[in-house]
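In what follows, a single structure is set out as structure tokens and then discussed.
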């Protein structure tokens, strides 16, 4: 039995996730956890990019999502990111989820789930908390294996004491990566 064809929205989400993965890989150059994000504007163009820069900048808030939101706000000339989609390789933490809500981003597409610190449904669900003034549509698992593998390889390298490097083969998925 053949699989159903991918929809245009699935293909678009995967293309955007590949851009976020490129940002994540760039974080490896500064020794940062390889998490990347892009903000896609209402017209489908990328208006913000970010990668983890906590190590590079010595800034505990320099998460990929926050940096991508800041760039998108500058690009669009408004802190309200109505009509935008944030695409990120790992489920946002509580801080990043708060920033997404405050920026009024209506949609988040994520790659890997984070069962230790995720705030988009795994541990917390800040993005869909009914007591807040904004709710976010969440689509998870886009290119999950590739997103997970990048993080697993990075942390396996750190456990060996040599920074990022290839991990032993194993199942990909939610592994509590953190930002």
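In full-length UniProt numbering, the protein residues as written are 1 to 179. Ideal Cβ placement from N, Cα and C applies to all residues, glycine included. All values derive from a computational prediction rather than experimental measurement.
Comparing alpha-carbon positions, which option in the options lies nearest residue i?
i	options	result
residue 144	7, 8 and 13	13
residue 19	62, 132, 69 and 48	48
residue 71	45, 95, 10 and 39	39
residue 27	127, 9, 65 and 133	65
residue 123	152, 141 and 93	93
Which residues mark the beginning and the end of the alpha helix (DSSP H) in which residue i is found?
i	result
residue 146	144-159
Using 8 Å as the threshold, is the C-beta distance between residue i and residue j below it?
i	j	result
residue 37	residue 88	yes
residue 112	residue 137	no
residue 41	residue 67	no
residue 105	residue 76	no
residue 21	residue 150	yes
residue 118	residue 69	no
residue 120	residue 110	yes
residue 220	residue 101	This structure cannot settle anything about residue 220, because the visible part of the chain is limited to 1 through 179.
residue 33	residue 154	yes
Ignore the nearest five residues each way along the sequence and tell me which others in residue i's own chain have a CB closer than 7 Å to its CB.
i	result
residue 79	73 and 103
What residue does the beta strand (DSSP E) around residue i start on, and which one ends it?
i	result
residue 126	Run containing residue 126: none; DSSP gives neither H nor E here.
residue 139	137-139
Can you name, in chain order, every residue of its own chain whose Cβ lies under 6 Å from the Cβ of residue i, other than the five neighbours on each side?
i	result
residue 62	53 and 54
residue 83	42
residue 183	Within the shown structure, residues of the chain are numbered from 1 to 179, placing residue 183 beyond reach of any answer.
Could you pull out every residue in the same chain whose Cβ sits closer than 8 Å to the Cβ of residue i, ignoring the five residues on either side in sequence?
i	result
residue 44	12
Handout entry: Minimum length 3: unbroken beta strand (DSSP E) runs contained in the UniProt domain "CMP/dCMP-type deaminase" (11-124)
Key = Taken in chain order, the whole beta strand (DSSP E) runs of length 3 or more contained in the UniProt domain "CMP/dCMP-type deaminase" (11-124) are 36-40, 46-51, 85-90 and 107-112.
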